[in-house]
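In what follows, a single structure is set out as structure tokens and then discussed.
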Amino acid sequence: MSEILVLVEQVDGEVKKVTLELLTLARSLGTPAAVWAGPGITPDAKAKLAEYGAEKIYVAPSSDIVEYVVAPKAELLAQLVAGKSPSAVLVAATPEGKEIAGRLAIKTDSGVITDAVGLGEGFVADQSIFGGGINVQSKVRKGTPIVAVRPNSTAPAPAAGAGTEEEISVALSDAAKAARVVERVKQEKGARPELTEAAIVVSGGRGVGSAENFSIIENLADALGAAVGASRAATDAGWYPHQFQVGQTGKTVSPQLYIAAGISGAIQHRAGMQTAKTIVAINKDPEAPIFELADYGVVGDLHQVVPQLTEEVKKRK
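Residue numbers (full-length UniProt numbering): 1 to 317.
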């Protein structure tokens, strides 16, 4: 089977879950080959990549790759595409991943698909477009398919690969060094999972009523081991930080379970969460648009429903 390149997402040498999802997806279509961009690969990281199917691990250890913004990773992948002739390149549909995909497409004269939520035979991608109003299937018609896949679109499943390491060098152009990273500030990691990677997300909207009342949402999230999200109305009101906004102008999530409490379901919000596998809506308005999208709906006051739900979850642990 032909080789499929998977760009590794990692933080301080720890492989992120989305990479394991991409390797799992690549296994169904070809032979996965992980691409580690920059220094810092560890034996544990190599073992994890091999555990999820990486037959080969291309390692480019140059510190230049991470000292400049985005462009070096695109040049690294372009070099691999030219030298290895893979059948496709998969990256995570994060802001950085999508920019890398776009740059790589230009460098390799190839087509690119972003925000894919599925990928089938022939690299036909499932997408949700126009703010979530239409579901389509897309296929690259030119060059090497470059696909940015949304986190949580594929359940990661281990299947041992050889994990053969091959070190590669890359000569960066002057253009790739135009923007240098001058400082990195490490964000303190909380007890909750990261929003875009969480398997369960509990979000609150205008119906929560105040910043203080968001503790109701947080309590349910903590009981479920979930991430907390918020609608634009809630973040614009200052009830919750903007980095937790889910929607067209916020973050896109595709968890296994999405609970929307006090969220009407405007198209702006739906665009950021409608690819969730199971959606539960809690709203006191039976005509709220969110119920059109929900798999399960509860018509009621979230201030009564959510605390009861939290207690039931805790009882079953």
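Don't be surprised by glycine CBs; every beta carbon is placed ideally from N, CA and C.
Is the separation between the beta-carbon of residue i and that of residue j shorter than 8 angstroms?
i: residue 328; j: A199; result: Nothing in the structure corresponds to residue 328, since the chain is present only between 1 and 317.
i: G238; j: A266; result: no
i: G38; j: S63; result: yes
i: I65; j: L80; result: no
i: G250; j: R232; result: yes
i: A271; j: Q248; result: yes
i: L25; j: L119; result: yes
i: A148; j: A116; result: yes
i: G225; j: L302; result: no
i: L172; j: P286; result: no
i: A260; j: I217; result: no
i: A82; j: R103; result: no
i: A157; j: P193; result: no
Can you tell me whether residue i is buried or exposed, with buried defined as 16 or more other CB within 10 angstroms of its CB?
i: A281; result: buried
i: Y296; result: exposed
i: E197; result: buried
i: K186; result: exposed
i: E312; result: exposed
i: V136; result: exposed
i: A42; result: Just to set this straight, residue 42 is Thr in the shown sequence, not Ala. Exposed is the call here.
i: G204; result: buried
i: K317; result: exposed
i: S153; result: buried
i: I290; result: buried
i: V11; result: exposed
i: A221; result: buried
i: A34; result: buried
i: A191; result: exposed
i: A105; result: buried
Output needed for residue i: all residues of its chain with C-beta closer than 7 angstroms, excluding positions within five of it in sequence on either side, in chain order.
i: M273; result: V246, V253, Y258
i: A294; result: I279, V280, A281
i: V18; result: E9, A92, P151, E197
i: Y68; result: A176, K177, A179, R180, V181
i: H242; result: T235
Hey, residue i and residue j are a contact pair by Cβ (cut 8 angstroms); roughly how many whole angstroms apart?
i: S128; j: T275; result: 6 angstroms
i: L7; j: I100; result: 7 angstroms
i: F214; j: G229; result: Not confirmed; about 11 angstroms, so no contact.
i: A60; j: V202; result: About 39 angstroms separates the two Cβ atoms, so there is no contact after all.
i: A159; j: R27; result: 6 angstroms
For residue i, which residues from the same chain have a beta carbon less than 8 angstroms from its beta carbon, with the 5 sequence-adjacent residues on both sides left out?
i: K48; result: V15, L20
Can you list, in chain order, the residues of its chain whose CB lies under 6 angstroms from that of residue i, leaving out five sequence neighbours each side?
i: G40; result: G13
i: K314; result: A223
i: A88; result: I4, F123, P145
i: V298; result: I282, V305
i: G30; result: M1, S2, I4, S87
i: A288; result: S264, G265
Check whether the segment 47-58 and the segment 161-175 are in contact - that is, three or more C-beta pairs closer than 8 angstroms. Output reads yes: the segment 161-175 touches the segment 47-58.
So does the segment 138-145 actually touch the segment 110-126, counting three or more Cβ pairs closer than 8 angstroms? The segment 138-145, when compared against the segment 110-126, does touch it at the 8 angstroms Cβ threshold.
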